[in-house]
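Input: a single structure, listed below in structure tokens.
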Amino acid sequence: MRVLVTGGAGYIGSVITQRLLERGDVPVVLDNFSQGHRAAIPPGVEVVQADVADIAALANIFLGGTIEAVVHMAAVSVVGDSVRQPLRYYRENVANLLPFLEAMMRGGCRRIVFSSSAAVYGEPAEVPISEECATCPVNPYGSTKLMGERILADAAAAGDGAAGLHFISLRYFNVAGATKDAGEMHHPETHLIPRVLEVALGEHPHVELYGTDYPTPDGTCIRDYIHVEDLAEAHLSALDRTIAASGIYNLGNNRGYSVREVIETAARVTGRKIPIANFPRRAGDPPQLIASHRKAADALGWRPRRGLEEIISSAWEWRLRNPRGYAE
Numbered sequence: 046m047r048v049l050v051t052g053g054a055g056y057i058g059s060v061i062t063q064r065l066l067e068r069g070d071v072p073v074v075l076d077n078f079s080q081g082h083r084a085a086i087p088p089g090v091e092v093v094q095a096d097v098a099d100i101a102a103l104a105n106i107f108l109g110g111t112i113e114a115v116v117h118m119a120a121v122s123v124v125g126d127s128v129r130q131p132l133r134y135y136r137e138n139v140a141n142l143l144p145f146l147e148a149m150m151r152g153g154c155r156r157i158v159f160s161s162s163a164a165v166y167g168e169p170a171e172v173p174i175s176e177e178c179a180t181c182p183v184n185p186y187g188s189t190k191l192m193g194e195r196i197l198a199d200a201a202a203a204g205d206g207a208a209g210l211h212f213i214s215l216r217y218f219n220v221a222g223a224t225k226d227a228g229e230m231h232h233p234e235t236h237l238i239p240r241v242l243e244v245a246l247g248e249h250p251h252v253e254l255y256g257t258d259y260p261t262p263d264g265t266c267i268r269d270y271i272h273v274e275d276l277a278e279a280h281l282s283a284l285d286r287t288i289a290a291s292g293i294y295n296l297g298n299n300r301g302y303s304v305r306e307v308i309e310t311a312a313r314v315t316g317r318k319i320p321i322a323n324f325p326r327r328a329g330d331p332p333q334l335i336a337s338h339r340k341a342a343d344a345l346g347w348r349p350r351r352g353l354e355e356i357i358s359s360a361w362e363w364r365l366r367n368p369r370g371y372a373e
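The sequence shown begins at 46 in this note's numbering and counts up one residue at a time.
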């Protein structure tokens, strides 16, 4: 199957591209390289350097109906930035989705896996979070992902039978870890696990700990972490399901780890001290975010196979092999 991966030069997109190759599909990467790395793309993969709203590039990609399905990863995704730059997030994540979907459907492509987020839930009233929980995002990033889901659902409802759009939306929780060839490298880094490892490497003096008085066993926030390889495997299962069905699924481990647990595990894995600096709580940080992946297990036949220690160990090994990241 010929599959377009938007944002395929990014952290998650590059791993999905590699997995598609390994199972015999033909991935095509569309990326504007504002955040991705050319070196992250597996050798031999066709690459189109363009924006997802580039009408001419999209027309050429979908020309002749050779693209059979899409994995749509391209987005801006930093929560804090979305609060400071909401119009940019609505433009990139919502407005740009419309010409992309129009080009895709004009080219006869009716199958899409959409990268969504646990941010659509906001501050959930119950944990673990199921797909039936109310969606009430508390930041523009979460709002844009929820709007993307609604656009896809409306487009799917407007079709009939095989001619209609089939979509799977995957709501990620906290993605981390690395493969042999691909790891997490953002500038600046805002995610906890790579940030902790940067401290272990001596690149920063301490880890910032925001809030120690939450109603949790050790007073710090609890989050659900999923290995990037487990996430990629879920995308392949979802892609196959788009042949005949649409749906929305959580992707997480069904258990949480506190910030202190993450730091302690990283110290154990790396064998290095990781200093901590305490700061007040950040607005909008819920005490716990833990996924229920029951629906994904039932419908996609998917369950995560890797825990926190393997997540951190793989990320640490990748950083040791690649101290400058992709160093482009």
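Just so it is clear, CB atoms sit at the ideal spot from N, CA and C, and this is done for glycine as well.
Counting C-beta atoms within 10 angstroms of its own C-beta, I100 has fewer than 16 neighbours from the protein chains shown and is therefore classed as exposed.
In this structure D269 is buried. Its beta-carbon is surrounded by 16 or more other beta-carbon atoms within 10 angstroms.
Excluding the 5 residues flanking it on each side, I308 has same chain C-beta neighbours closer than 7 Å at V241, V252, I319 and I321, in chain order. Across the set C178, E113 and M192, the C-alpha of M192 shows the shortest separation from the C-alpha of N184. Excluding residues up to 5 positions away in sequence, A140, N141, P144 and F145 lie with their Cβ nearer than 8 Å to the Cβ of A98 in the same chain.
The alpha-carbon separation between R348 and D126 amounts to approximately 32 Å. In the DSSP assignment, V172 falls outside any beta strand (DSSP E) and carries neither an H nor an E. Comparing alpha carbon positions, the residue from H82, S358 and A336 closest to A164 is A336. A straight-line Cα-Cα distance of about 31 Å links Y135 and V71. Annotated three-state conformation of L281 is helix, per DSSP. When L334, G153, G81 and R195 are compared, the shortest CA-CA separation from A170 is found for L334. Note that the C-beta distance between F159 and H117 is below 8 Å. In this structure, the alpha-carbon of N295 lies about 31 Å from that of N323. The beta carbons of G89 and G58 sit no closer together than 8 Å. Within its own chain, the residues whose Cβ lies closer than 7 Å to the Cβ of E354, once the five positions on either side in sequence are excluded, are T310 and V314, listed in chain order. Within the same chain, no Cβ atom closer than 6 Å to the Cβ of D199 is found once the five residues on either side in sequence are excluded. When DSSP states are grouped into helix, strand and coil, Q333 belongs to the strand group. Per DSSP, the beta bridge partners of V92 are V74.
Short of 8 Å from the beta carbon of P260, and not among the five residues preceding or following it, lie these beta carbons of its own chain, in chain order: P332.
In this structure, the CA atom of I271 is about 6 Å from the CA atom of A221. Per DSSP, reduced to three states, the secondary structure at L210 is coil, with no helix or strand assignment.
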